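With the numbering used here, letter number 220 in the sequence shown gets 221, and the count goes up by one each step, no holes.
Just so you know, even glycine gets a beta-carbon here, dropped at the ideal spot from N, CA and C.
Just so you know, these numbers come straight off a predicted model, no measurement behind them.
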Amino acid sequence: MKPLIKLLSTSALAAGMVIGGVVLTSAALAPEEAPHNFTGLDIRDLWTMEPVRIDRSAQNLERLPPRYASHVVMVEPDVGASDQSVQAATAEQGSEVGDIDTLVTAAIDEATSGFGADTLPPEHFSWCEARYRSYDPVRNAYRSFSGDIRACDSPYQVEVMAELEEGNARVMTVSADGSNSGAGMEDEGHVMACMERYRSYRPSDNTYQPYGGGPRQPCQLVASF
Numbered sequence: 002m003k004p005l006i007k008l009l010s011t012s013a014l015a016a017g018m019v020i021g022g023v024v025l026t027s028a029a030l031a032p033e034e035a036p037h038n039f040t041g042l043d044i045r046d047l048w049t050m051e052p053v054r055i056d057r058s059a060q061n062l063e064r065l066p067p068r069y070a071s072h073v074v075m076v077e078p079d080v081g082a083s084d085q086s087v088q089a090a091t092a093e094q095g096s097e098v099g100d101i102d103t104l105v106t107a108a109i110d111e112a113t114s115g116f117g118a119d120t121l122p123p124e125h126f127s128w129c130e131a132r133y134r135s136y137d138p139v140r141n142a143y144r145s146f147s148g149d150i151r152a153c154d155s156p157y158q159v160e161v162m163a164e165l166e167e168g169n170a171r172v173m174t175v176s177a178d179g180s181n182s183g184a185g186m187e188d189e190g191h192v193m194a195c196m197e198r199y200r201s202y203r204p205s206d207n208t209y210q211p212y213g214g215g216p217r218q219p220c221q222l223v224a225s226f
């Protein structure tokens with residue numbers, strides 16, 4: 002047992018001496034390197050701990066030209082082609098305007114306006130603007146969802162109609178068959194109720210357009226007690 006212990010201790014001592022000699026030799030033979038020099042230590046830091054005001058007038062900044070990729074090809078604009086396209090668009094717009102019959106258009110404007118802007122009260126315009134988003138105060142008309150131009154009739158327009166009558170002004174309700182249905186239009190509450198019930202209601206003749214089409218029907222509301 003003792004010879005085995007002596008052999009192991011001798012081997013360990015020899016290995017330690019060899020390793021120590023290698024370390025000392027590598028340290029002695031290693032070349033001396035200059036210490037690393039950190040550049041930029043004398044330059045002011047980019048980010049500061051406190052906010053610093055910058056004088057923009059003292060900055061001499063220049064915009065560099067853009068750098069495009071290799072597959073991008075720059076093409077000069079064709080002035081002649083753009084002028085031709087503008088002329089074509091102008092001619093097309095002119096043809097569309099030329100196709101409009103001014104007499105028919107004027108007749109439609111007169112039919113849809115009903116009253117001039119100088120004869121209608123300000124409450125009428127406020128009521129129409131609040132009810133229809135496409136309302137035009139100059140023509141007193143709006144564009145419906147179907148694209149038609151319709152006149153805007155408000156309860157305040159009935160008062161103007163009564164004032165325009167000579168003598169004892171009284172607004173009459175005319176039914177679809179032409180007969181007089183009484184003095185229902187005199188009541189402003191009746192006009193308001195018909196307008197709330199029928200979107201196509203027209204106070205001038207107390208009629209509305211049914212959804213199923215056909216002639217206009219008189220607005221007859223039965224009072225509930």
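Query raised in the report: In terms of residues, what are the limits of the beta strand (DSSP E) holding Ile150?
Result: One-based indexing of the sequence shown puts residue 150 at position 149. From DSSP, the beta strand (DSSP E) with Ile150 extends over Ile150 to Ala152.
Query raised in the report: Which of helix, strand or coil does DSSP assign to Ala13?
Result: Numbered from its first residue, the sequence shown carries residue 13 at position 12. Note: Ala13 maps to helix in three-state DSSP.
Query raised in the report: Is the beta carbon of Tyr143 sitting closer than 7 angstroms to the one on Ser155?
Result: One-based indexing of the sequence shown puts residue 143 at position 142. One-based indexing of the sequence shown puts residue 155 at position 154. No, these two residues do not count as a Cβ contact at 7 angstroms.
Query raised in the report: Roughly how many whole angstroms lie between the Cα atoms of Arg217 and Gln88?
Result: To locate residue 217, count along the sequence shown from 1; it is residue 216. To locate residue 88, count along the sequence shown from 1; it is residue 87. C-alpha separation (whole angstroms): 46 angstroms.
Report task. Indicate, with yes or no, if the ligand HEM has a heavy atom lying under 6 angstroms from the CB of Val192. Result -> With respect to the ligand HEM, the structure shown offers nothing to examine, as it has no ligands at all.
Query raised in the report: Just curious, the beta strand (DSSP E) that Ala142 is in, first and last residue?
Result: Numbered from 1 along the sequence shown, position 141 holds the residue referred to as residue 142. Residues Ala142 to Arg144.
Query raised in the report: Taking buried to mean at least 16 other C-beta atoms within 10 Å of its own C-beta, is Trp1 buried or exposed?
Result: The question about residue 1 has no answer, for the chain in this structure spans 2 to 226.
Query raised in the report: Using a Cβ-Cβ cut-off of 7 angstroms (strictly less than) and excluding sequence neighbours within five positions of Ser71, which residues of its own chain qualify?
Result: The residue labelled residue 71 in the question sits at position 70 within the sequence shown. If we look at Ser71 and ignore the five residues flanking it on each side, it has no Cβ neighbours.
Requested in this report: Consult DSSP for Thr208 and reduce its assignment to one of helix, strand or coil.
Outcome: Position 207 of the sequence shown, counted from the start, is the residue given in the question as residue 208. Strand at Thr208.
Query raised in the report: The alpha helix (DSSP H) with Val192 in it runs from where to where?
Result: Translated into the one-based positions of the sequence shown, residue 192 becomes position 191. Glu189 to Arg198 is the extent of the alpha helix (DSSP H) around Val192.
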